[in-house]
Amino acid sequence: MIEFQGVSKRFGKRVVLDALDFSLTPGVVTVLLGRNGAGKSTLQRLCLGVLKPDAGRVEVCGDDPVRRPRDVRRVVGYVPDKPDVYDWMTPRELLRFLKPQYPTWNGDRAARVAEQLAVPLDTPFKSLSRGEGMKAMLMAALAPDPQLLLLDEPFAGLDPVAREDVLKGVIRAGGQTILCATHDLDVAARIADRVAVLSRGKIVAHGPAEEVVGAGGRAPEKMREILEEAVA
Amino acid sequence: MIPHLWKEWRDHRAVILGIVALLPPVIFAALLLIPEGTVALPTAGAAIGLAAAAFALGADLVPGEVRRGTLMFLRRLPGGLGAVFAAKAILLVAALVLSTALGFGAASLAETVAGRPAVALDWTYAPEALGAALWIFAVAMWLPRGELAVPATALCLGAFVLPMRLLLEWNPGLKLPASAMDVGRWALAPGALLVAWLSFRGRRFGGAGGSAWRGLAVTLLLFTPAWGYVGHKVSDWRDIDPNDPLFRIRWGYVGDGGRYAFLNATDNPPRPFWGPEHAILVDLGTGEWRQVGDPGDKFYVGASVFGATQSVVAHAVESSDESTFEARKLWENYNDGATGEVFKSGWSHLRIDEVEARRRRPTRTPPAVARMPGLIVLAVLDDGTVIGIRDERAIVRVRNGQEERLFPR
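Residue numbers (numbering that gives the first Met the number 0), protein chains in the order written: chain A, 0 to 231; chain B, 0 to 408.
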């Protein structure tokens, strides 16, 4: 689903990803755990082909996102850490704008998610709360029935009710391959099937959630030091 | 494409409607205040309209996306940036046309209301105006803020156009063919769109820096043929090539002893690019030649002046005052007719009739030579050898009925 081989990315002198190797298991929720600035968003943007790796190879759903961005983006949904669409746009207008670009557009699913998450379809983004905006972005990302869903800090700034809505409505609906970037250990413990820990440009731990972050967020002894450095 | 056009319209409709609502009354009122005869109102109105759309819309189409953080949204669309750019360009061109038409309409109305005689729209600088408006759009993509687009465009176009302008300034009299100028003027607009597209595409992976470098590199490539063309024309203007098919000897003089020929010649086509004559000094013994002075400098025949013992060819370097046809102040170099060397320089007031009076008297030409068609006799040497201009293209020596080419060899 996602394959990173020796991928490096730097911005100026700052090395964000350093010869990173990473692969994603299909059909499960993988949480990418790391502190702010660890490179989680960079990794996701490399998956979308909006950034180009300085070295290494990225493959998403069988395609190179730099060489074949159209094919990749059509099957990958992406929710940024905050709504980045036009503030005058309503969620309904956003759906109308995006629909012609996706051959697999599923209007029924969009409607279902909108209803489930109570997205105010006719209110401009500038009048939506952060939580409502994120739900609208999630709805737009799910509408094309993506094979892979990339979530970048989807719970940041969400109140507990909205967070629960997103969890139930989407992430726990099952069947979807999801890569969710977060710095929140609790979130990782709640939603992850698998956890990858990103620190100093490399994946320092990757495995089933219970092995990395433990049940109920209590990490196994051997992982505590890694997590403290990577997340705390 | 339709959703992108809708998005652009929806995103910028406030600006466009603002132009539609405000521009006509502002232009109408402003132009009424201008005294009659100072400007052609319809042309001024159209220019203001074009500038308004270029500044308000063209300068902000892409920096606006960066400022609001929406460029990332556009960058990750499956359709890529092509449709996004096309929609922006279409909207801009439509807004430029609309705004220009509104400005023209408002100014024409002001003209009618003021009872002034109707003046037709002056299209002279339309290509440059449209080009500049689209270059603002292109250059704005390299910048973090749209407000900087206008001075940056002026700087950029100035840097690319100035070398050509300076070359033309430094070579007064050099006129480029009108067709070449038209090609350059009309190429500004499509060139701007090409640079804009490649600059916008440069945003695919990131920020303004890559976009700016890419845009500047393409601009450089686009201007290179124009620089090359102007450079070639200037070189053609400044330097003469005797082997050029267009080479023509307009006039010549052979110094004492027949060693040196002083020629005024050109290698430029007569129309539409009427080039200058060049003064060239030819050593008839060796065939070596050199250009003397600058383009436009000429040899005049002198007599024995200023105590010179040999006949003298006055080489007029520069005319400092051509305000009257009859009198010209010339900087003259006096070449020794026997050696070709300059032996005296100085300002001189020469009247044209004086120059004419200095012409050498016609030489008596041997009858056999006089019957040779296409030969203009310059000198008959003591041994009967004739030096002449063959078909305006070469200097030849005729001896015993045999013609020998001396220059160019």
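A virtual CB, placed ideally from N, CA and C, is assigned to each residue, including glycine. All values derive from a computational prediction rather than experimental measurement.
Extent of the continuous beta strand (DSSP E) run through residue i
i, result
"A264 of chain B", "259-265"
"P207 of chain A", "201-207"
"D282 of chain B", "277-282"
"Q4 of chain A", "1-10"
"R66 of chain A", "Neither: R66 of chain A is in no beta strand (DSSP E) and is coded neither H nor E."
"G48 of chain B", "Not the beta strand (DSSP E): G48 of chain B falls in the alpha helix (DSSP H), residues 40-52."
"L178 of chain A", "176-181"
"R186 of chain A", "Reading off the sequence, residue 186 of chain A comes out as Val, not Arg. Where V186 of chain A is concerned, there is no enclosing beta strand (DSSP E), although the alpha helix (DSSP H) it sits in stretches over 184-190."
"V57 of chain A", "54-59"
"L141 of chain A", "First-last for L141 of chain A: 129-141, but that is the alpha helix (DSSP H), not the beta strand (DSSP E)."
"A378 of chain B", "374-379"
"A119 of chain B", "It is not in any beta strand (DSSP E) - A119 of chain B carries neither H nor E in the DSSP assignment."
"R404 of chain B", "401-406"
"C21 of chain A", "The sequence given here has Phe at residue 21 of chain A, not Cys. Run containing F21 of chain A: 13-22, per the beta strand (DSSP E) assignment."
"Y252 of chain B", "247-253"
"G213 of chain A", "Per DSSP, G213 of chain A belongs to no beta strand (DSSP E) and is neither H nor E."
"A195 of chain A", "193-198"
"R289 of chain B", "288-291"
"D29 of chain A", "At residue 29 of chain A the sequence reads Thr, which differs from the Asp that was named. Per DSSP, T29 of chain A belongs to the beta strand (DSSP E) from 28-32."
"D151 of chain A", "147-151"
"R389 of chain B", "385-389"
Min CB distance residue i to chain C below 9 Å
i, result
"L47 of chain A", "As a matter of chain content, chain C is missing from the structure shown, whose protein chains are A and B."
Chain-ordered chain A contacts of residue i [CB-CB under 8 Å]
i, result
"D59 of chain B", "Per Cβ cutoff of 8 Å: no residues; D59 of chain B is ~14 Å from chain A at best."
Residue i: contacting residues in chain B (beta-carbon distance under 8 Å)
i, result
"L16 of chain A", "The premise fails here: L16 of chain A is roughly 15 Å from chain B at the closest Cβ pair, so nothing lies under 8 Å."
Supposed close pair residue i, residue j - CB separation, criterion 8 Å
i, j, result
"A264 of chain B", "V253 of chain B", "So it is not a contact: roughly 14 Å between Cβ atoms."
"D86 of chain A", "P123 of chain A", "6 Å"
"L137 of chain A", "V160 of chain A", "Incorrect: roughly 15 Å between the Cβ atoms, too far for contact."
"G214 of chain B", "W141 of chain B", "5 Å"
"L197 of chain A", "C46 of chain A", "With a Cβ gap of about 14 Å, L197 of chain A and C46 of chain A do not count as contacting."
"G55 of chain A", "A18 of chain A", "7 Å"
"A153 of chain B", "A46 of chain B", "No, A153 of chain B and A46 of chain B are not in contact; Cβ-Cβ is about 16 Å, not under 8 Å."
"G44 of chain B", "A105 of chain B", "5 Å"
"A51 of chain B", "I18 of chain B", "6 Å"
"M0 of chain A", "T181 of chain A", "With 8 Å as the limit, M0 of chain A and T181 of chain A do not qualify as a contact, their Cβ atoms being about 19 Å apart."
"V78 of chain A", "C60 of chain A", "Actually they are not in contact, since the Cβ atoms of V78 of chain A and C60 of chain A sit about 17 Å apart, beyond 8 Å."
Run of the alpha helix (DSSP H) containing residue i, from where it starts to where it stops
i, result
"A228 of chain B", "It is Tyr, not Ala, that sits at residue 228 of chain B in the sequence shown. Y228 of chain B -> alpha helix (DSSP H) spans 207-237."
"A20 of chain B", "1-32"
"D181 of chain B", "177-200"
"L47 of chain A", "39-47"
"D121 of chain A", "Careful: D121 of chain A lies outside any alpha helix (DSSP H) and carries neither H nor E."
"L76 of chain B", "No alpha helix (DSSP H) holds L76 of chain B; DSSP gives it neither H nor E."
"V397 of chain B", "Note, V397 of chain B: premise wrong, no alpha helix (DSSP H); beta strand (DSSP E) at 393-398."
"R66 of chain B", "62-67"
Contacts of residue i in chain B (Cβ-Cβ under 7 Å)
i, result
"Q100 of chain A", "L76, P77, G78"
"K134 of chain A", "In chain order: nothing, as chain B lies at least about 17 Å away."
Closer than 7 Å at the beta carbon, the chain A residues around residue i
i, result
"K6 of chain B", "F96"
"D10 of chain B", "Y85"
Neighbouring residues, chain B, relative to residue i (Cβ below 9 Å)
i, result
"V84 of chain A", "T69, F72"
"P68 of chain A", "R75, P77, G79, R203"
"L72 of chain A", "This sequence places Arg at residue 72 of chain A; Leu is not what is there. Result: R75, L76, P77, G78, G79."
Partners in chain A for residue i, counting only beta-carbon separations shorter than 9 Å
i, result
"R427 of chain B", "No answer is possible for residue 427 of chain B: the residues shown for chain B start at 0 and end at 408."
"P2 of chain B", "R95, F96, L97, K98, P99, Q100"
* Asked: Just by C-beta distance, which residues in the stretch 62-83 of chain B are closer than 7 Å to chain A?
  -> For the stretch 62-83 of chain B, which is checked against every Cβ of chain A, the residues closer than 7 Å are G68, T69, M71, F72, R74, R75, L76, P77, G78, G79.
* Asked: Mind listing which residues of the stretch 142-154 of chain A have their C-beta closer than 8 Å to chain B's C-betas, in chain order?
  -> Listed in sequence order: no entries.
* Asked: When Cβ atoms are compared, which residues of the stretch 136-166 of chain B fall closer than 9 Å to chain A?
  -> Of all residues in the stretch 136-166 of chain B, none has a Cβ within less than 9 Å of some Cβ in chain A.
* To do: Report the residues of the stretch 48-64 of chain A with a CB closer than 7 Å to any CB of chain B, ordered along the chain.
  => Against chain B - using a Cβ distance shorter than 7 Å - the residues of the stretch 48-64 of chain A are V49, L50, K51.
* Asked: Quick one: complete alpha helix (DSSP H) runs, 4+ long, within the stretch 136-177 of chain B?
  -> Annotation: the stretch 136-177 of chain B contains the following complete segments of the alpha helix (DSSP H) (minimum length 4 residues), in chain order: 148-168.
* Whole runs of the beta strand (DSSP E) within the stretch 75-105 of chain A, excluding any shorter than 3 residues -> Runs of the beta strand (DSSP E) inside the stretch 75-105 of chain A: 75-78.
* **Within the stretch 80-114 of chain B, ranges of the alpha helix (DSSP H) (whole runs, at least 4 residues)** => Restricting attention to alpha helix (DSSP H) runs no shorter than 4 residues, the stretch 80-114 of chain B encloses them at 80-112, ordered along the chain.
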